[in-house]
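Note that the sequence shown covers residues 8 to 461 in this note's numbering. Glycine residues also receive a C-beta, built at the ideal position from the N, C-alpha and C atoms. Every value quoted in this text rests on a predicted model; they were computed, and no experiment measured them. Okay, structure first, notes after.
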Amino acid sequence: MQIPDASTAPAPAPAPQKGGRTRTFFIGCGVTAALLVLGFIGIAVLGSMAAQRAAALLTTAREQQAAGDYDTALTTLDSVFTDYGTYDAADEARGLYPQLQLESAAALREDGQFEPSLERYDEVLSAAYAERFDAGSEEYADAVEQAAALTDDATTGKLETRLAWGESLTSEGDFAAAQEQIEQVINEAAAGSDIDERARAALPAVYIGRAEEAMTAGDAATAFERLDFVLTNYQSGPGREAALASFATMAEPFYGQAQQHITAGEFATAEDLLVGVINYAPDAPIVSQIRSELPTLYLNWGAAAAAAGNYEEAIGVYEFLIAEFPESELVPQAQTALVDARVAAVAASGTAGELPPPQASGSTGGETSTYDVTNDTVCPILVLLSGPQSQAVEVPSQQNTQFEVQPGIYNLVVQIDEEQTTDPNCMDIIPFTNQSTFDPGFIYTSSFFISIEP
């Protein structure tokens, strides 16, 4: 019997185990499931870390805000938008960003950086930071809404910057630029608001500065115009007091400027200057001289207006002279010139009726003429004679008047004396005029009545 060699003998079959079963293991599938679970866990961990990072950046931005480091804080918020736009921190950042812009604009103003401050306010008003997001997206709409909520604050802040800029320019002596900024505040601010009142209070210093600049340049007319603006629009307060003080130093140059306007026939402008000196610098030595010369100004002004055919202007000037300077030796000349201007105005109107000439009714043998006028109307009348002895004679209703006339040729006007009546029957009655000759030693008569045409 051959005994088998252990190296070639088959292995014995395993002994069956009672009650047992054979198990099969799939090692590859088990490993895959484990990797998937680990992947989900990794994503969750990374998401949590990103959210924490976004929140940390937001906290950093707030710390930078508290420290007044606004530019860095805005850059930090940009990182939140760019890198973590899907996280809650980005929502908070969209609300914080325009608020930081407002605070930054105010800080720039306090630092005297006025142009950058205005630009920063404009960024808020235009919601410029919304352009970081896709138009039409929820983020874009939210950014626009957040900026819009600060519109009033940004608008007011912008006005504050302009006012501060204007005041700074005033202190630097750049009055033209200051005026531009301050007047823009006045134009844009709500009337009567606090900033409107403060801007108006800042304006006199600008106009006074510009007036003094003009006077230094030899432009007295412009200097007067700028001071007059302050004195006309500011009836009290430090601005007016400063303007009065400045005006007093310029009284003599203003008088000299007025003389130039008189020579040029610009009487209204000259009057403004001279009356301004009287009103605004009453203690100036030149004032007494101005007062004594004003009647001559008005007499020459009226004559120039009449010569130019501006009769209504001439009438107004003569009446003013007579009323305001009753003691002046020029009043008789003004009265004569006033009659001439009134007669000329009626003749030029083209609406006067034809007046029958006075009738010679007797002789006195004297060197003058006598005019006998009867008023048969219910209205007071005014007889105007323009000629060698121009005069105006009032004749009451139902009265007769006689007066002397120097011989010569006269333009006559008879009209209702509307200053002496309010009777409606005396209204809208046209004047009548003619040219008549009065010879010496004769009596001339006229009788007037009202004729109503059907």
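Pairing Q186 with V213 gives a Cβ-Cβ distance under 7 Å. Residues of the same chain with a CB within less than 7 Å of the CB of F410, apart from the 5 flanking positions on each side, are Y378, V400 in chain order. Buried is the label assigned to A61, since at least 16 other Cβ atoms lie within 10 Å of its Cβ. Residue range 439-445 is occupied by the beta strand (DSSP E) that includes T440. For N418, the enclosing beta strand (DSSP E) covers residues 415-423.
Collapsing the DSSP output to three states places G372 in coil.
Y451 has its alpha-carbon roughly 6 Å from the corresponding atom of S368. A contact is defined here as three or more CB-CB pairs under 8 Å, and the segment 223-233 fails this definition with respect to the segment 200-210. 7 Å or more divides the Cβ of L238 from the Cβ of A218. Annotation for S404: no beta strand (DSSP E) segment contains it, and DSSP assigns it neither H nor E.
The C-alpha of S376 is placed about 29 Å away from the C-alpha of S335.
Using a Cβ-Cβ distance cut-off of 8 Å, the segment 108-127 and the segment 71-90 are in contact, since at least three pairs of beta carbons, one from each stretch, lie closer than that value.
When the Cα atoms are used, D149 and V87 turn out to be separated by approximately 15 Å. Contact check for S393 and V346: beta-carbon distance about 6 Å, within the 8 Å limit, so the pair qualifies.
In the three-state reduction of the DSSP assignment, Q120 falls in the coil class.
For A250, the secondary structure class from DSSP, reduced to helix, strand or coil, is helix.
The Cβ atoms of A97 and V131 do not sit closer than 7 Å to each other. Beta-bridge pairing by DSSP links T452 to Q366, D379.
Apart from the 5 residues on each side of it in sequence, T381 sits with its Cβ closer than 6 Å to the Cβ of N407, S454 in its chain, given in chain order. Between the alpha carbons of Q396 and V390 lies a gap of roughly 13 Å. The residue among D446, Q427, A355, T429 with its C-alpha nearest the C-alpha of V420 is A355.
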